[in-house]
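Okay, so here's the structure we're looking at.
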Amino acid sequence: MASFLMLSMFLLVTTILGTSAGNFDDDFVITWGHGRGKILDNGQPLTREKFCLSPFYSHFQTKPMASFKSLISLLTLLTPLAISSLIFASAGNFNQEFEITWGDGRAKILNNGELLILSLDIVSGSAFESKNEYLFGKIDMQIKLVPGNSAGTVTAYYLSSKGSAWDEIDFEFLGNLTGDPYILHTNVFSQGKGNREQKFYLWFDPTADFHTYSILWNPHCIIFSVDGTPIREFKNLESIGVPFPKHQPMRIHSSLWNADDWATRGGLIKTDWSSAPFTASYRNFTADNACVWSSNGESSCKSSPSQSNAWLSEELDSIRKKRLSWVQNNYMIYNYCTDGKRFPQGFPVECKS
Ligand SMILES: *[C@@H]1O[C@H](CO)[C@@H](O)[C@H](O)[C@H]1NC(C)=O
Ligand SMILES: *[C@@H]1O[C@H](CO)[C@@H](O)[C@H](O)[C@H]1NC(C)=O
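If you use mature numbering (1 follows the signal peptide of the UniProt record, and there is no 0), the sequence shown corresponds to residues -21 to -1, 1 to 332, in order.
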């Protein structure tokens, strides 16, 4: 009887583990990379095959009614796992939310959908995109960029719609030699027209740990943030004739690819393939506040309880404006709005306001 009870508890725990852990395989699809994209378990590469063969699973499958003692040890093993899975439950699951679109197995969703890895080698890069299309949203992703000698590599993370008059909101991370700074390149396209680059150094090493890169996109503005600090604001200036992305739903995209013809010191430093494969990791995707577009042309907005619909009209307050100035004064290395040589006929209208 006691062992039966323990077994039921064990089953309950594994059920909790299974449903709450969330799965990169449900939210995300690796779309590119010939196995270079990987989903990891506690930092260890963990394929679906390995997971099924991992000791406690095969043990459970082959000896479900094993001795009372071994059930207790299984429970001891699983309880902390179940608890840690519950803590992560609010993050989106890569298996459910994303699809791998490029890379022949180089992109992988690991750790039950909690982690996604893109990789790049001399043959190919890799990429994924969201299953959902969004028309406005507050979207956070934690990314850990290619470490070591990443010169020549580009990790792009962006929202984009389709067609020739597409809209796009871009983060691109340009790699560098070990110890030299990454460049974070940003751009906004509306109706197929970009040319709105702003580039930054970061105030931390983006390869040492995960950091949160966020896009707030609502009808009033687009705000790019890094770990909650705004680095760029693109306001809706339709009133003075600047098109603003607000009609075309966008998917989230990310890719890791070779761009050594331009990325590092303008293409001077080439990719060192002896350091390949290069990998970038993703976790904790959050889009609790977002409007998801559906194929019937309707958009359904959801908001986290603490936010209600405030995010849809959110703009920078004075405190966040000060943070933005701090970044722009200290870390911005290029701004199209101050590049006189590029616009001999005069700056784009949005630069003047
Ligand atoms: C790489 O490092 C060099 C030297 O510090 C710097 O000039 C450059 O902006 C850095 N980033 C890229 C992507 O080239
Ligand atoms: C996951 O992301 C959310 C939203 O950005 C954040 O509040 C939470 O702290 C993150 N969790 C971890 C473990 O970093």
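Glycine included, every Cβ here is placed at the ideal spot set by N, Cα and C.
The structure displayed is predicted, hence computed values, not measured ones.
| query | result |
| --- | --- |
| Closer than 8 angstroms: is that where the CB of Ala135 sits relative to any heavy atom of ligand 1? | no |
| Which term fits Lys87, buried or exposed, when burial requires 16 or more other beta carbons within 10 angstroms of its beta carbon? | buried |
| Just how far apart, CA to CA, sit Tyr313 and Leu181? | 13 angstroms |
| What are the boundary residues of the beta strand (DSSP E) that Ser282 is part of? | Neither: Ser282 is in no beta strand (DSSP E) and is coded neither H nor E. |
| Give me the Cα-Cα distance between Lys117 and Phe322, rounded to the nearest whole angstrom. | 32 angstroms |
| Which residues have their C-beta within less than 5 angstroms of a heavy atom of ligand 2, listed in chain order? | Asp119, Asn263, Thr265 |
| Decide if the region 226 to 235 is in contact with the region 134 to 150; the criterion is three or more beta carbon pairs, one per stretch, under 8 angstroms apart. | yes |
| From the DSSP output, in three-state form, read off Lys300 for me. | helix |
| Are the region 248 to 259 and the region 91 to 101 touching by the rule of at least three beta carbon pairs closer than 8 angstroms? | yes |
| Determine the burial state of Phe203: buried for a count of at least 16 other Cβ atoms within 10 Å of its Cβ, exposed for fewer. | buried |
| If you draw a straight line from the C-alpha of Cys280 to the C-alpha of Val271, how long is it? | 6 angstroms |
| List the endpoints of the continuous alpha helix (DSSP H) containing Gln75. | 73 to 76 |
| Short of 8 angstroms in beta carbon distance, which residues of its chain neighbour Asn188, apart from the five on each side in sequence? Order them along the chain. | For clarity, residue 188 is Asp in the given sequence; the question names Asn instead. Counting only Cβ-Cβ distances below 8 angstroms, and skipping sequence neighbours, we find Lys123. |
| Alpha carbons only, please: which of Arg244, Gln170, Ala289 is nearest the one belonging to Ala144? | Gln170 |
| Scan the region 140 to 225 and note each continuous beta strand (DSSP E) run of 3 residues or more that stays entirely inside, going in chain order. | 147 to 153, 162 to 168, 177 to 179, 190 to 196, 200 to 205, 208 to 214 |
| Should the region 297 to 308 be regarded as contacting the region 206 to 213, the criterion being three or more beta carbon pairs within less than 8 angstroms? | yes |
| Using CA coordinates, which residue listed in Thr191, His190, Ser292 is at the minimum distance from Lys214? | Ser292 |
| Go ahead and pull the three-state DSSP assignment for Ser46. | Bear in mind that a pLDDT of 34 at Ser46, under 50, signals an unreliable position, so the number given afterwards is only what the model happens to contain. The answer is coil: DSSP assigns Ser46 none of H, G, I, E or B. |
| Can you look up Gln227 in the DSSP assignment and give me helix, strand or coil? | coil |
| By the DSSP assignment, the beta strand (DSSP E) with Phe322 in it spans what residues? | Careful: Phe322 lies outside any beta strand (DSSP E) and carries neither H nor E. |
| Let me check understanding here. Comparing Cα to Cα, which of Ser234, Ser287, Leu163, Gly71 lies closest to Tyr310? | Leu163 |
| Please list, in chain order, all residues of the same chain as Lys249 whose beta carbon is under 6 angstroms from its beta carbon, the five residues on each side excluded. | Gly131, Asp239 |
| Could you spell out where the beta strand (DSSP E) holding Arg262 opens and where it closes? | 257 to 272 |
| Rounded to the nearest angstrom, what separates Thr317 and Ser287 at their Cα positions? | 38 angstroms |
| At a cut-off of 8 angstroms, is Ala255 close to ligand 1 when judged by its beta-carbon and the heavy atoms of the ligand? | no |
| How big is the Cα-Cα spacing for Trp11 and Ile79? | Since pLDDT at Trp11 reaches only 47, below the 50 mark, its modelled position is unreliable, and the value read off the structure follows with that caveat. The straight-line gap from Cα to Cα measures roughly 6 angstroms. |
| If you draw a straight line from the C-alpha of Gly158 to the C-alpha of Gly104, how long is it? | 23 angstroms |
| Does the distance from the C-beta atom of Ser304 to that of Trp81 stay below 9 angstroms? | no |
| Per the DSSP calculation, Leu94 is bridged to which residue(s)? | Leu89, Arg262 |
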